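**Student:** Using my numbering, you'd call the opening residue of the sequence shown number 11 and step up by one each time. Backbone N, C-alpha and C fix where the C-beta goes; we use that ideal spot for every residue, glycine too. In this text the structure is predicted, and so the values were computed from the model without any measurement. Sending over a structure as structure tokens; questions will come in a sec.
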Amino acid sequence: MATVNETKSYLYNELWRLCAGPLFDLPKLGGRVYYFPQGYIQQLEISTNSEFAQMQPLFDIPSKIPCNVIGIQLKEVGTPIPIKNQENPQFYYFIKVLSASDTNPHGGLSVPKSMLLNDMSHPIPTQEIVAKDLHGREWRFKHIFRGTLRIHLFTTGWNAFVTTLIGTRRVANREGNIPSLVISSHSMHQGVIASAKNAMNNKCMFIMLYKPRSSQFIVGYEKNLDAVNNKFSVDTKFTMLFKDDDFNEK
11 MATVNETKSY LYNELWRLCA GPLFDLPKLG GRVYYFPQGY IQQLEISTNS
61 EFAQMQPLFD IPSKIPCNVI GIQLKEVGTP IPIKNQENPQ FYYFIKVLSA
111 SDTNPHGGLS VPKSMLLNDM SHPIPTQEIV AKDLHGREWR FKHIFRGTLR
161 IHLFTTGWNA FVTTLIGTRR VANREGNIPS LVISSHSMHQ GVIASAKNAM
211 NNKCMFIMLY KPRSSQFIVG YEKNLDAVNN KFSVDTKFTM LFKDDDFNEK
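Next up, the structure:
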């Protein structure tokens, strides 16, 4: 059986995955991956509206570089390092795109009735719900039934939570979502590409900023081999999973 700490770790990891989304495949600690420099250059171009397409030939970098992941630091919501296999508890969750009324300072969050009934032993008119966010901060919400249809709402405490944007997954910014303070000059672009070249030649460590939504330029070793071994021909049809702005999988 799983211990209390293991159960908390599992629920915490699942919360990270739900906020990050199912389509983002981040590397695992100790895993083998391929690094695609051209994809990284494209990420920089998208985020800065600049043209660095000629940087790769200047540094004579291969199309892909085999690497080992020796450390992961999560700056934003992403997939955490997996924990050991264990008997994981069952939990309930739902994903909702916040409406105007949900984010109104004088409103509250409307919650699907089916989800709240899973966590209630008796149908009471009001109750207090205590939850922790991704940073371990405790939040208290007042849950009430309102109206003849007995709509479930989070009222007191909800506005303070939603305005912090903690635990809310944002719609991807099509014009790039890398802060300008992170990538600020041409010399920095040259530096990160040159560091990859140096690491490849000297078998040493290098660090990169990875934004899967912009460009998935880090691919698992086995996943890359599977893709290469698929001998697609012209006019081959295939299916692809993607998510729209409402976070619906298609």
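(1) So, helix, strand or coil for valine 229, using DSSP?
(2) When DSSP labels each residue in this structure, what does valine 121 get in the three-state scheme?
(3) According to DSSP, histidine 162 sits in a beta bridge with which residue or residues?
(4) Which residues mark the beginning and the end of the beta strand (DSSP E) in which alanine 141 is found?
(5) Excluding five sequence neighbours on each side, which residues of the same chain lie with their C-beta closer than 6 Å to the C-beta of phenylalanine 171?
(6) Could you give the residue range of the alpha helix (DSSP H) that holds asparagine 169?
(7) Among Asp143, Leu21 and Cys77, which one has its Cα closest to the Cα of tyrosine 231?
(8) In angstroms, rounded to a whole number, what distance separates the CA positions of isoleucine 51 and glutamate 138?
(9) Could you give the residue range of the beta strand (DSSP E) that holds isoleucine 75?
(10) Taking the beta carbon of glycine 40 as the centre, do at least 16 other beta carbons fall within 10 Å, making it buried, or is it exposed?
(11) Tell me where the beta strand (DSSP E) around tyrosine 220 begins and ends.
(12) Assign tyrosine 44 to one of three DSSP states: helix, strand, or coil.
(13) Pull up the distance between the alpha-carbon of leucine 144 and that of tyrosine 220, whole angstroms please.
(14) Of the residues Pro115, Ser225, Thr249 and Phe164, which one's Cα is nearest the Cα of threonine 136?
(15) Mark histidine 162 as exposed unless 16 or more other C-beta atoms lie within 10 angstroms of its C-beta, in which case mark it buried.
(16) Using the beta-carbon count (16 or more within 10 Å), is valine 107 buried or exposed?
(17) Roughly how many angstroms separate the alpha carbons of asparagine 234 and tyrosine 44, rounded to a whole number?
(18) With distances taken from CA atoms, which of Leu21, Leu25 and Pro37 is nearest methionine 218?
(19) Could you tell me which of Thr166, Pro47, Met210 and Asp236 sits nearest to proline 115, measuring between CA atoms?
(20) DSSP on isoleucine 203, reduced to helix/strand/coil?
(21) What is the rounded straight-line gap between the Cα of lysine 142 and the Cα of glutamine 48?
(22) Exposed or buried, serine 225, counting other C-beta atoms within 10 Å across all chains shown (16 or more means buried)?
(23) For the candidate residues Gly146, Arg42 and Asn208, whose alpha-carbon lies nearest to that of glycine 81?
**Tutor:** Straight from the coordinates:
(1) Indexing the sequence shown from 1 puts residue 229 at position 219. The three-state reading of DSSP puts valine 229 in strand, counting E and B together.
(2) Counting from one through the sequence shown, the residue named residue 121 turns up at place 111. Strand.
(3) In the sequence shown, counting from the first residue as 1, residue 162 sits at position 152. As a beta-bridge residue in DSSP terms, histidine 162 pairs with Val121 and Phe155.
(4) As a position in the sequence shown, residue 141 is number 131, starting the count at 1. Annotation for alanine 141: the continuous beta strand (DSSP E) segment containing it runs 136-142.
(5) By 1-based counting over the sequence shown, the position of residue 171 is 161. Excluding residues within five positions, the ones whose Cβ falls inside 6 Å are Trp149.
(6) Taking the sequence shown and counting its residues from 1, the one referred to as residue 169 is at position 159. Element bounds for asparagine 169: 168-174.
(7) By one-based count along the sequence shown, residue 231 stands at place 221. The shortest Cα separation from tyrosine 231 among Asp143, Leu21 and Cys77 belongs to Cys77.
(8) On the sequence shown, position 41 is the one that residue 51 refers to. On the sequence shown, position 128 is the one that residue 138 refers to. Cα-Cα distance, rounded: 49 Å.
(9) In the sequence shown, counting from the first residue as 1, residue 75 sits at position 65. Segment 75-78, the beta strand (DSSP E) holding isoleucine 75.
(10) Within the sequence shown, residue 40 is the residue found at index 30, counting from 1. Exposed: under 16 other Cβ atoms inside 10 Å.
(11) Sequence index remark: in the sequence shown, residue 220 carries index 210 (1-based). Note, tyrosine 220: premise wrong, no beta strand (DSSP E); not H, not E.
(12) On the sequence shown, position 34 is the one that residue 44 refers to. It is a strand residue.
(13) If you number the sequence shown from 1, residue 144 lands on position 134. If you number the sequence shown from 1, residue 220 lands on position 210. A straight line joining the alpha-carbon of leucine 144 with that of tyrosine 220 spans about 20 Å.
(14) Translated into the one-based positions of the sequence shown, residue 136 becomes position 126. Ranking the options by Cα distance to threonine 136, first place goes to Phe164.
(15) To locate residue 162, count along the sequence shown from 1; it is residue 152. Per the 10 Å Cβ criterion, buried.
(16) In the sequence shown, residue 107 corresponds to position 97, counting from 1. Exposed, since its Cβ has fewer than 16 Cβ neighbours within 10 Å.
(17) As a working note, residue 234 is residue 224 in the sequence shown. As a working note, residue 44 is residue 34 in the sequence shown. Spanning the two alpha carbons is a distance of roughly 8 Å.
(18) Taking the first residue of the sequence shown as position 1, residue 218 is located at position 208. For methionine 218, the nearest C-alpha among the options comes from Pro37.
(19) As a position in the sequence shown, residue 115 is number 105, starting the count at 1. Considering only alpha carbons, the answer is Thr166.
(20) For this step, residue 203 is matched to residue 193 along the sequence shown. Helix at isoleucine 203.
(21) The residue labelled residue 142 in the question sits at position 132 within the sequence shown. The residue labelled residue 48 in the question sits at position 38 within the sequence shown. Looking at the two C-alpha atoms, the distance is approximately 40 Å.
(22) By 1-based counting over the sequence shown, the position of residue 225 is 215. When all chains shown are included, serine 225 counts as buried.
(23) Taking the sequence shown and counting its residues from 1, one reaches residue 81 at position 71. Ranking Gly146, Arg42 and Asn208 by Cα distance to glycine 81 puts Arg42 first.
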